[in-house]
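Colleague:
Chains as they are written, first to last, in the numbering used here: chain R, 1 to 104; chain A, 1 to 235.
1. Got a sec? Which residues, its chain only, sit under 8 Å from residue 2 of chain A by beta carbon, not counting five neighbours each side?
2. Using CA atoms only, rank isn't needed, just tell me which of A:135, A:187, A:25 is closest to residue 82 of chain R.
3. According to DSSP, is residue 44 of chain A part of a helix, a strand, or is it coil?
4. Nearest to residue 54 of chain R by alpha carbon, out of A:215, A:230, A:228, A:231?
5. Please confirm whether residue 1 of chain A has its beta-carbon closer than 8 Å to some beta-carbon of chain R.
6. Could you tell me the boundaries of the alpha helix (DSSP H) in which residue 59 of chain A lies?
7. Within 10 Å of its beta-carbon, does residue 35 of chain R have 16 or more other beta-carbons around it, so buried, or fewer, so exposed?
8. Looking at the unbroken alpha helix (DSSP H) that takes in residue 124 of chain A, where does it start and where does it end?
9. By DSSP, does residue 7 of chain A sit in helix, in strand, or in coil?
10. Give me, in chain order, the residues of the same chain whose beta-carbon lies closer than 8 Å to that of residue 84 of chain R; leave out the 5 immediate sequence neighbours on both sides.
11. Mind checking if residue 96 of chain A is an interface residue toward chain R, Cβ cutoff 8 Å exclusive?
12. Is there a C-beta anywhere in chain R that falls below 8 Å from the one on residue 158 of chain A?
13. Would you report the Cα separation of residue 232 of chain A and residue 39 of chain A, rounded to the nearest angstrom?
14. Assuming residue 57 of chain R and residue 68 of chain A make a contact with CB atoms under 8 Å, what is their CB distance in whole Å?
15. Using a Cβ-Cβ cutoff of 9 Å, what residues of the stretch 140-157 of chain A are near chain R? List them in chain order.
16. Whose C-beta lies closer than 6 Å to the C-beta of residue 136 of chain A among residues of the same chain, with five residues either side of it excluded?
17. Kindly say whether residue 58 of chain R, judged by its beta-carbon, lies nearer than 8 Å to any beta-carbon of chain A.
18. I'd like to confirm something about residue 103 of chain A: is its beta-carbon nearer than 7 Å to some heavy atom of the ligand PLP, or not?
19. Measure the alpha-carbon distance for residue 30 of chain R versus residue 93 of chain A and round it to whole angstroms.
20. So within the stretch 195-229 of chain A, which uninterrupted alpha helix (DSSP H) runs reach at least 4 residues, ignoring any that extend past its ends?
21. Quick one: measure Cβ to Cβ for residue 146 of chain A and residue 55 of chain A, integer angstroms, because I've assumed they're closer than 8 Å.
22. Name the chain R residues that come within less than 7 Å of residue 47 of chain A, Cβ to Cβ?
23. Is the CB of residue 17 of chain A under 8 Å away from at least one CB in chain R?
24. For residue 46 of chain A, I'd like the list of residues in its chain whose CB is within less than 8 Å of its CB, leaving aside the five on either flank, ordered along the chain.
25. On the CB-based measure, 16 or more other CB atoms within 10 Å of its CB, does residue 71 of chain A come out buried or exposed?
26. Is residue 87 of chain R close to chain A, meaning its C-beta is less than 8 Å from at least one C-beta of that chain?
27. Using a C-beta to C-beta distance shorter than 9 Å, which residues of chain R count as neighbours of residue 224 of chain A?
28. Taking residue 181 of chain A as the reference, give the member of R:60, R:5, R:16, R:19 with the closest Cα.
29. Look at the Cβ atom of residue 21 of chain A, then the Cβ atom of residue 142 of chain A, and state whether they are nearer than 8 Å.
30. What residues of chain A sit near residue 64 of chain R, judged by a beta carbon separation below 8 Å?
31. Bridge partners for residue 132 of chain A per DSSP, in chain order?
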């Protein structure tokens, strides 16, 4: 790479960093300058779990029985134990066992 | 909850960091992949590391790799990065109850380190009535550590690529992401009134995922669920 290309690459990365921080800071910047109405408060209260749902959905679309069963196991483990680590590892162990021995 | 009781302590940072370690391990697998793919895409290890240190947003970094080459489409990369990361706007807004009660220096530096994983963990803490806003910074720093360490490991190891590392699905690590988010979601269960909200969010996310590229599905799913919740809480 020439020096010029090095510079362009660096500027690109720096601009990526800039716009990314804009997205990270922008939400607070906006909501700290308004006094939210009850309706907007309810919106803010329900948005986090909805974002989690939205993140999960495509990771399960088109997946096989191994993933769907493991997802159920992880959910049940989380409900029963309320423990993130136990849930994570029961999901991981289930998916690797099923992939290797059952739904190959 | 008294609105003035939000604190920001070193203990909160440590607590967030430690509780986030299991999520950091999942992030580590993706950082390895990013580091190795970055070298294959023609990026120098220094550039890949700078990107992980400065941008610190996995999905947009992987997308940037797709566009990386001898002739960089600079504007396309920057715009794509912005769109892929737009979901952070909603996540930052959702942290309002903590972040408007601490100094701007603390809140805006915490936000630099906010990721999907650390945010999900922190918003759960906030939702369960915890009052130390430094948790967001601590959990973010944890992911930052794992992401950068794994980027370094990935670029270093890219010389001898091993199938087991290039493909995390072999040891089930690709599923870690799903498992963690499912577990966190169950902690938000507050009764049956949640069901229609989550169904709307899931449906809208699914449709958006099929129709639109990038990460729009997270934004539309989150908005749809939030709006449903706002509408239903009025009745």
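Cβ atoms here follow ideal geometry from the backbone N, Cα and C, with glycine treated the same way.
Modeller: A quick look at the data gives this:
1. The predicted position of residue 2 of chain A is uncertain, since its pLDDT is 49 and thus under 50; a value taken from the coordinates is nonetheless stated next. None.
2. A:187
3. coil
4. Checking every option, the nearest Cα to that of residue 54 of chain R belongs to A:215.
5. With a pLDDT of 46 at residue 1 of chain A, under the threshold of 50, the modelled position of this residue cannot be trusted; read the value that follows with caution. Not closer than 8 Å to any Cβ of chain R, the Cβ of residue 1 of chain A fails to qualify, so no.
6. 58-67
7. exposed
8. 116-127
9. Judged by DSSP in its simplified three-state form, residue 7 of chain A adopts strand.
10. 78
11. yes
12. no
13. 50 Å
14. At roughly 29 Å, the Cβ-Cβ gap does not stay under 8 Å, so residue 57 of chain R and residue 68 of chain A are not in contact.
15. none
16. So the list reads 110, 122, once near-sequence residues are dropped.
17. yes
18. As far as ligands go, the structure on display features none, and thus does not contain the ligand PLP.
19. Taking the straight line from one Cα to the other gives about 8 Å.
20. Along the length of the stretch 195-229 of chain A, whole alpha helix (DSSP H) runs at least 4 residues long do not occur.
21. Not a contact, Cβ separation roughly 15 Å.
22. 9, 13
23. no
24. Here residue 46 of chain A has no same chain residue with a Cβ atom under 8 Å from its own Cβ, once five neighbours each way along the sequence are excluded.
25. exposed
26. yes
27. 50, 54
28. That would be R:60, whose Cα lies nearest to the Cα of residue 181 of chain A.
29. Yes.
30. Result: empty, since nearest Cβ-Cβ is about 11 Å, beyond 8 Å.
31. A:7
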